Each structure stands twice: as C-alpha cells, then as structure tokens.
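Going from the sequence shown to our numbering is simple: count from 1 and add 900. All C-beta atoms in this analysis are idealised placements derived from N, C-alpha and C, irrespective of residue type, glycine included. All values derive from a computational prediction rather than experimental measurement. Take a look at the structure set out below.
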Amino acid sequence: MIRTPPTRRPSTAEPAAEPAADDASPRRLGRTLYRYFFYGWLFGDTEAGSATDRTRAIGINRDRARWLPVYLRRWATLGAIVGVLGRCSETLWPHPALAALFAVAMTFVVVQLTITAICWAFLRDPRRRR
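Shown next, in the form of structure tokens:
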C-alpha cells in the first residue's frame, strides 16, 4: 500500500501557492483571457498614498500606456469578427435574435475602443507630443 505524505495547511503568514504553470484550469484560462482583452491590471492607483507615490504611479502609468495600442488592435480585430458574423447572421442566416446579439456585442466593442483610445490619448508622454 502506498501512503501519501500528509499535506500541510498554509499558515496565515505564508501566501497560498500559485497553480503550476502547466495547469490548464478554467480559472487560469479566465485570467489569461481577462488580461488579453482588458488592461486595468497594468495600471496603478493614482489616488492612493502620498504625493510621491501618486507621482510615481502616474509615471508608471504613462510608461505602461505604450501597451494600449496593442489592446486597440485586439479589440478592433474582435470588432471586425463580430461585425462580419453580425452581417452574415442578417443575410445568410436570417435569424433576428442572433443578429441582435451581434449588434449588442458590437456596441460593447465600440465602447471599449473609445475608452481605450481616450486613455491612450491622455496617458501618452506629453514630451513626445507634437
């Protein structure tokens, strides 16, 4: 008979271990998809801490704003796919509920593109503006 070693409960002082890199759990996939499409995790809070902390966070946020065009391309690609599927659902497969679903999805894509473009415009380094 094979005995497994007892598992240790993590104490409150030790952080919980991250899942293994080869773990293909749905939670890990969800986090990856979230980070692929949404950029909020990149930026720091500019309202918390002292004036020095806020100034440092603004500088870091301006530096990380260089990734926003990547997110713009991702959302534009998703918008093109949703637009083509919406058009096909109107013409090839005359199903009004499916067409409405793609229209709502396209609305979300346009809103996300608008917000990302505004964030990128305000966070770009002012010294690089022409």
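Residue environment analysis places S989 among the buried positions, since at least 16 neighbouring C-beta atoms fall within 10 angstroms of its C-beta.
Judged by DSSP secondary structure, T946 falls outside any alpha helix (DSSP H); it is assigned neither H nor E.
Distance from A976 to L1013 at the Cβ level is roughly 7 angstroms; contact confirmed, criterion being Cβ atoms closer than 8 angstroms.
One thing to note: N961 has its Cβ within 8 angstroms of the Cβ of F943. Taken in chain order, the complete alpha helix (DSSP H) segments of 4 residues or longer contained in the segment 947-1003 are 951-964, 968-991.
A contact is defined here as three or more CB-CB pairs under 8 angstroms, and the segment 925-935 fails this definition with respect to the segment 945-958. Boundaries of the alpha helix (DSSP H) around F937: 926-937.
Cβ-Cβ distances below 7 angstroms link R935 to W941 in the same chain, with the five nearest sequence neighbours on each side left out; the list follows chain order.
R964 and L1023 have their C-alpha atoms roughly 9 angstroms apart. About 12 angstroms separates the CB atoms of G986 and F1008; that is not less than 8 angstroms, and the two are not in contact.
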